Each structure stands twice: as structure tokens, then as C-alpha cells.
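These protein sequence lines are chains A and B, in that order. With UniProt numbering, the residue at position 584 of the first sequence is 584, and numbering never jumps. With UniProt numbering, the residue at position 20 of the second sequence is 20, and numbering never jumps. Reviewing the structure listed below.
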Amino acid sequence: MTIEPIMDDPRDQFPIGLRVLAVDDDPTCLFFLENLLRRCQYHVTTTNQAITALKLLRENKNKFDLVISDVHMPDMDGFKLLELVGLEMDLPVIMLSANGDPKLVMKGITHGACDYLLKPVRIEELKNIWQHVIRRKKFDSKDSNNSANQDKLHSAIGEGDSGAGSHSDHDGKLNKKRKDQNEDDDEEHEENENDDPSTQKKPRVVWSVELHRKFVAAVHQLGIDKAVPKKILDLMNVEKLTRENVASHLQKYRLYLKRLNSMVNQQANMAAALGGTDSSYLRMGSLNGIENFHTLTGPGQFHNTTFRSLPPSGLLGRLNTPAGLGMRGLPSSGLTPLGHARNESSSTVAQVHSQQVILPGNHNGNVLQGMPTALELDQLQHVKGIINVRDLSSAIDNTTGFPVSGGLPDAKIAIASSINPLDVTKNTLMLEQNPRAVQGGKGYGNGSSVSVASLNSEFSSSLPDHSRLNDNWSTAAQSSVIHDSFPLNDCFKQPTLHHSNLRDNVSTMALRSGNNPLDVSSVTSMSTEVQDISTDMRRRASLVSSNSRQINNHAATQRWDDHNQHGSYPSNVMYSSTNYMIPLNGAVGPLGQGFEPMNFHTDVDFNSAGQSNYFDPLYMNRNEGNQSAMDMSLKQKQGLLKDQRKPQGSYISSNFGSLEDIVGAMVKQYVDYT
Amino acid sequence: MNRVLALLFHQGVLDEQFLQLQQLQDESSPNFVSEVVNIYFHESEKLLKNLRGLLTEREFSDYKKMGIHLNQFMGSSSSIGAKRVRNVCVAFRAASEQNNRAGCLRALELLEHEYCYLKNKLHELFQIEQQRVLAAGVRYPMQR
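Below, the structure written as C-alpha cells:
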């Protein structure tokens, strides 16, 4: 009798019945995605919160085959979710975003996404997502054969070779081996004992705390560069663990370290920026000293870069959000009761943790973990270091993240490891309230006490490394500097997606010419733009006028009444803004929409002439110096507006028949100007 | 295809993504399009309000936050097939990335305008459709 997998029928008709978890904070997209997926005959679960998604995933590791997640979410960064899912549940994750910036896509890849889709999502793309599930499973059956293969893949991954494919390779192999083990494995590996290699149901593997601790200790012992799966396996001396499992885990671990390094460099720079010298920074042992960071942790520039190995608890999850205040608030409150629970050094630990919280207020979420732990480190050294360390060790039951024991040759990695022990502590404390969350935790190296002591020196030595600035960090630092002085040419040459861009260009150019010495070229180019716009508007006018009767009648009778009275077009914003936008034209109401674009746009265009009440404060200042340039356009605008006002009257009364006339007049004005 | 819809396609207000929406509407989800569009309207108004709130702040500097709202708006608009709205969002995003407040304000104006137009037209579309359904006395999927 064949072993039948425990699954419902739809699964047998794969990819029909593929179980997808969709996560997106935008309800429109989520609803749309859900329907698309249903149309593909997948079994869909949706949630708009990453935290809920994690909860669902953790509840039952075998409940889903695939996760689709948006990148930008308020409660947790999509990349972080991606990492967590990859680490804990080893499910394929597809990222989704409206932003197709290659940097983001790259980030998705490095965090282990199997795919990166752009919104709007098309059903054709979704029809193919099952391939990611298959891909992972496929390597299941191939895994036990070639250790050579493993190594090759391993190095390939190191070179950034098609991340998704090889990543799933290892995962697949890991899973397969896991499957072979029994449920009485004391390492608490998750199994599905009814599994059989050819089934679609793949056991989800968890590297338990114990196991990970051993792993890390082994890696530490060997040295990160020399740690090969075989040796690690031997050192770990765990039954039923295979080389392939270790290899896969090692790969993930390396990725983690790499990310940690870049984060650490950020921290180093921050430390330098904030603390002057690293030693003084480190020596801010006193709590008061650290409290001072309160002032430094303003809202500030804050990038929500992914923090790997963030523990699953929702509480900690929030630490990743840009809200420094949030960070301060939540963990402290979360930690205090926990702190009290532990007698030995509860106050110290709790304080330490609140420091952790405070400090990174103006750093990345990553830095949150790093910086304070550095401080903590020093603190421990200063104060009762040993006690705390002991506490750390004992506190570590269930932690998450990839803490590494120290002593690694590379100073940067040393920093990473210094961060981790304390990470873990915090995580542990936080997680005590949520043992469930802990399940996905990683172990912590036994060498922690040793590492803490030894790392301090390493840490201080590596802190001065300012050379490497993380992209995000530098952007963060610079983004507050307003780049207001890009050359005239730039705005002129911007690709025009839409005629609105043209207007932007013109206006911007007008502004720019105000800043630059006035010359013929700028005026000329402006006029050329104007001509383009006029052509565009002409085009648009014709479109509009062809429907003006219909539109405007409709509008006149219905829309504006509604606007005025009820909420059927609840956007008062809309109404007020459009009103606002046409300050000089009293008769906005009955105009209807056909005409509106015209008014609107001309106002927009020439507002920079300083005429508009709307943009007043901004424009007036800018235009102070360039009256001559602006006067021309100003006059024209005034002329235009006068003309507009007149026709509007007739527009209303004459049943909009003169729309074309108006447009023609306007266009003529433009042409005259040029 | 109904006249209003044809117009909207012609004007570039909607694109083929909207057709995808329509294709998802069937017997099992007979009101899909209007449901999705209503969600979109609801969310968009919130977003627009937020954007305006941000930009009219005296000490506005949080381009990042604005970028987040904008990103969501862009995502939902493109999912609906609101091409013009989405294009304005792109321009808006460009202005925002350059920290060009004035440009952002302009783009916001345009955005509000385009959104308003879209909303009105879609409402009109739904009304026409409803009337048609009522007249026919039977429910059937929206005609393309």
C-alpha cells in the first residue's frame, strides 16, 4: 500500500489548489490579488498585516505552499517578512511592489525572494507562480547524491549566482533530509512522517535553538571562512543531521552575516558620528550617558532596512519600523515586566534593554540591535559583566536570529557576533511572553560568554571603520539635504510621461530661471515648452470638447450638487482643491469637468509667475529676483485668465458650445507669446 | 462596449488592466469590478487627504512618508487600471524624490483632479450599467 499523503484532493491536481498566503496592506491590491489567485484556482488566504501572516504561518507550517507579500507595509518591512519566512518556514516568497526600482529588486533577491512582481499584477504571471514551489521540491529528490554538487552550489551561491534557484536547491535538500529523520528526533525538527519523497507535501524544517547553537559553536570553532559543512557536521555531532542540512543552513547564515556586516558598518559610522570616538562611545557605560541618546534619537532619517533574524514576536517586529518613538515605547514596556521576572540582574538587563531601545532611535532598525548591544557589551564589561553574561547564557532558551559566538577572525563579523548575544537576550526576554513565537528560534552558541569578553576589543577596533557607507545610510543622511538646484537642462529634459510633466518642467524651469541669471535661452526654452503644452492642450481640448456637452450637462446637473450636499462624492478634498486651484475663476461650479482641465492646467503652469494665490509663499520668494522673466508670462497669464473668465460666463450660459472657442483663444495666446 | 467606457479608454484614463478587472467578474463574483473600485475610492481618498495634509504642513519635510502614501496610491491605481492617475503619481514621485515641494504640490493638484475625474466617470459607468441591468431584468456580467 502506498503511503498516501495527508492532503485534500485539490492538491493532487497541482497547481490547482496551491495554497497561497497573500499579504498586502493596501486593501485594493489585496482584494484584487485575492481574486486573481482564486481565478487561477489557488487556495487563497489573505491578510493585510505581516504580523498576522507570520502568525498564520507559524501556526501550521504545512498550511501554505507559497507566500506573496508586498514590500512596503506599515507593521513590518516586506523584506524582513521574507527573511523570516525563509528562515523559519522555508517557503517560497514572492515579493510584490509598485516600485520596480532595481535596488529594491536586488534587495528582494538578496533576502531570498523567489520572484519580484510589479504591480499591477497580471494573471498570466500568477499562473506561473507554482513553479517556485516545484523548484524547491524538485531539489528534494536530488539532494542526497552529490556532496560535490553541494559544494559547487554553495560557492555558486556565494558568488550571487541565481539566488532563487540555488537557494531553493539547498532548502530542498535540507527538507529532504529532514524528511528522512524521525519524529522522535530530540532536536524538535518538524516532520511529516507520512511524507514520501514524491509527495508534494514538503516537511518544513526548523533549526531549533539547540541545533543552531551547536552549529554556531562549530562555525566559531572552525572559523567562518574555514567552516565547511562536513566539518561543522562532525563538530556538531548530531544524529541524523546531514551534511546537506548543514550546508543549506550555512548558506543562509553567511547571507545573514553579510547583511549584518553592512549594518554594522552603518553603526560604526553612526557611532563615529555620534560619539566622536569609538572608545568614548563604548564608554558611555552609564545609563545616563545613554539616556542622552534620547535627544539624538529624533524622528530623524530613518530607513527601515530589513533586519534579519528578527524574532518572530510581533512586539519586536515593531522595532523595525521607522518610528523611533515606537521603538522606545514598546520594548521598554514589554521588557520591564520581564525584567522583573528575573531576579538576578533584572534591573540591569531591563535598563540595558531600554538603552537598546533608546539608542537606535535614529538608526536603522538593524542598528537598534547592534548599537545598544555594543553599549551593553561595554556595560557588561564595566559592570558585572560576568553576571550578565551568565544571565545571557541561561536566558537563552528560545531565541531567534543568527547569533554567532565571537572570536571570528574578521573584525566585522566580530561585531556581528557581539551584537548577537545581546540580541538574543533581548529576544529571549521579549519572547518569554510568547513561547509560541520562539519555535522558529535559532540556537545560540555556547561560546557566548567567551565571545562577549573577547569581542569588546574587536568591536572597538572595528568601529573606526567609516569607509563603508551603506547605501541606505548615506541616502538617509543626504535626503534631508534638499536638492534644489538641479540645472535648467535637467528639468527641461525630463522624460514627459504625460503632459502634466511638461507643465512641471515649464514651471520648474520658470523657477530655475529665476534663480539663474536671466538669459534668452531660458526664456526661449520656456516658450518652446509652452508651445508643446499648448499643442497638448489643444489635443486635450478637442477631446474634451467633443464630449463637453455630455460631460458638462451631466456634471452640471449632478456632480456639483453632490459635491455641495451629500457624500456621494465624499471627497471634499477634491472639490475644495479644484476650487482652490481656480481662484481667479469664480464660476468653477457649473463648469463641469470638460473645461476644468484647461483651467486647472493653465493655472498650474503659470502659477510660478507669481500670480497664484495658491502657491503664494513658495513662489513669491522664489520669484522675487526674476521679475523680468516672469512678467512676460505673468502678463500672458493675466490675459489668459481674463479671457477665461469671459468665456466662462458664456460657457455656462451658452451650453458649453463655445468650449472650442475658448481653447482656441488660449492656444492663440500661447502662440502669440512665442 | 458602453460609450462611457469607450471614452475612458480613448482618453487614456483607463488601460487594459481595467479589462482584467472585468474579466475577473463572473457568476461567482458578479460585482467584482464595482467592489474593487469602491475599495479603491475609499482608500484613495484617505491617501489623497494624507498627501494634502503632509504637503500643506508648515514645516513639511517628510518626503519619505509622502513616498509611502504615494507608493500605495500608485500600486492601487495601477491595479485598477487607472492609467492617468498612475502617471501623475509617477511624476509626483519624481518630484518627491527631488524633494521638490512645489513640484509635489502641483502634482498633487493634478492628481486630485485626475482622480476626481476618474471617480466621476466610473460612477457614471456603474450607474449606466445598473440601469441596464434593471432594464433587462436579469443580472449578467458587465459588457465589454
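All C-beta atoms, glycine included, are put in the ideal place defined by N, C-alpha and C. Since this is a predicted model, take the numbers as computed values, not measurements.
Can you give the Cα-Cα distance for residue i and residue j, rounded to whole angstroms?
i, j, result
"residue 257 of chain A", "residue 82 of chain A", "16 Å"
"residue 37 of chain B", "residue 63 of chain B", "28 Å"
"residue 71 of chain B", "residue 207 of chain A", "36 Å"
"residue 26 of chain A", "residue 132 of chain B", "32 Å"
"residue 116 of chain A", "residue 80 of chain A", "15 Å"
"residue 67 of chain B", "residue 14 of chain A", "39 Å"
"residue 262 of chain A", "residue 96 of chain A", "25 Å"
"residue 40 of chain B", "residue 225 of chain A", "52 Å"
"residue 133 of chain A", "residue 139 of chain A", "11 Å"
"residue 3 of chain B", "residue 87 of chain B", "24 Å"
"residue 55 of chain A", "residue 46 of chain B", "28 Å"
"residue 235 of chain A", "residue 255 of chain A", "22 Å"
"residue 119 of chain B", "residue 111 of chain A", "39 Å"
"residue 94 of chain A", "residue 123 of chain B", "34 Å"
"residue 260 of chain A", "residue 220 of chain A", "16 Å"
"residue 544 of chain A", "residue 83 of chain B", "Only weak support exists for where residue 544 of chain A lies, its pLDDT of 44 falling under 50; the value from the coordinates is given anyway. Looking at the two C-alpha atoms, the distance is approximately 17 Å."
"residue 39 of chain A", "residue 267 of chain A", "47 Å"
"residue 116 of chain B", "residue 44 of chain B", "10 Å"
"residue 109 of chain B", "residue 137 of chain B", "42 Å"
"residue 92 of chain A", "residue 251 of chain A", "16 Å"
"residue 147 of chain B", "residue 85 of chain B", "Residue 147 of chain B is absent from the structure shown; chain B starts at 1 and stops at 144."
"residue 99 of chain A", "residue 112 of chain B", "21 Å"
"residue 77 of chain B", "residue 249 of chain A", "41 Å"
"residue 25 of chain B", "residue 101 of chain A", "32 Å"
Cβ closer than 8 Å: which chain A residues qualify as neighbours of residue i?
i, result
"residue 36 of chain B", "28, 31, 32, 35"
When DSSP labels each residue in this structure, what does residue i get in the three-state scheme?
i, result
"residue 42 of chain A", "coil"
"residue 47 of chain A", "strand"
"residue 105 of chain A", "helix"
"residue 95 of chain A", "strand"
"residue 47 of chain B", "helix"
"residue 69 of chain A", "strand"
"residue 241 of chain A", "coil"
"residue 110 of chain A", "helix"
"residue 83 of chain B", "helix"
"residue 32 of chain A", "helix"
"residue 38 of chain B", "helix"
"residue 100 of chain A", "coil"
"residue 59 of chain A", "helix"
At a CB-CB cut-off below 9 Å, which residues of chain A make contact with residue i?
i, result
"residue 43 of chain B", "26, 27, 28"
"residue 128 of chain B", "Neighbours of residue 128 of chain B on chain A: none; closest Cβ ~11 Å, over 9 Å."
The beta strand (DSSP E) that contains residue i, what's its start and end?
i, result
"residue 19 of chain A", "19 to 23"
"residue 117 of chain A", "115 to 118"
Could you pull the start and end residues of the alpha helix (DSSP H) that residue i belongs to?
i, result
"residue 234 of chain A", "229 to 236"
"residue 128 of chain B", "101 to 136"
"residue 71 of chain B", "63 to 80"
"residue 22 of chain B", "16 to 24"
"residue 215 of chain A", "209 to 222"
"residue 11 of chain B", "3 to 11"
"residue 78 of chain A", "78 to 84"
"residue 87 of chain A", "That residue, residue 87 of chain A, is in no alpha helix (DSSP H); it is neither H nor E in DSSP."
"residue 123 of chain A", "123 to 126"
List, in chain order, every chain B residue whose beta-carbon is nearer than 9 Å to that of residue i.
i, result
"residue 122 of chain A", "17, 20"
"residue 127 of chain A", "Within chain B, no residue comes near residue 127 of chain A; the closest Cβ sits about 13 Å away, beyond 9 Å."
Cβ closer than 7 Å: which chain A residues qualify as neighbours of residue i?
i, result
"residue 74 of chain B", "98"
"residue 96 of chain B", "Neighbours of residue 96 of chain B on chain A: none; closest Cβ ~11 Å, over 7 Å."
"residue 32 of chain B", "35"
"residue 71 of chain B", "72, 98, 99"
Mind pulling the chain B residues with CB within less than 7 Å of residue i?
i, result
"residue 39 of chain A", "24"
"residue 119 of chain A", "75, 78, 79"
Measuring from the CB of residue i, is there a heavy atom of the ligand SAM at a distance below 7 Å?
i, result
"residue 110 of chain A", "The ligand content of the structure shown is nil, which means the ligand SAM is not present either."
Discussion item. Please list, in chain order, the residues of the stretch 96 to 115 of chain A that have any C-beta partner in chain B closer than 7 Å.
Written reply: Hits within the stretch, in order: 98, 99.
Practice prompt. Residues of the stretch 69 to 80 of chain A with a CB closer than 7 Å to any CB of chain B: list them in chain order, please.
Written response: Against chain B - using a Cβ distance shorter than 7 Å - the residues of the stretch 69 to 80 of chain A are 72.
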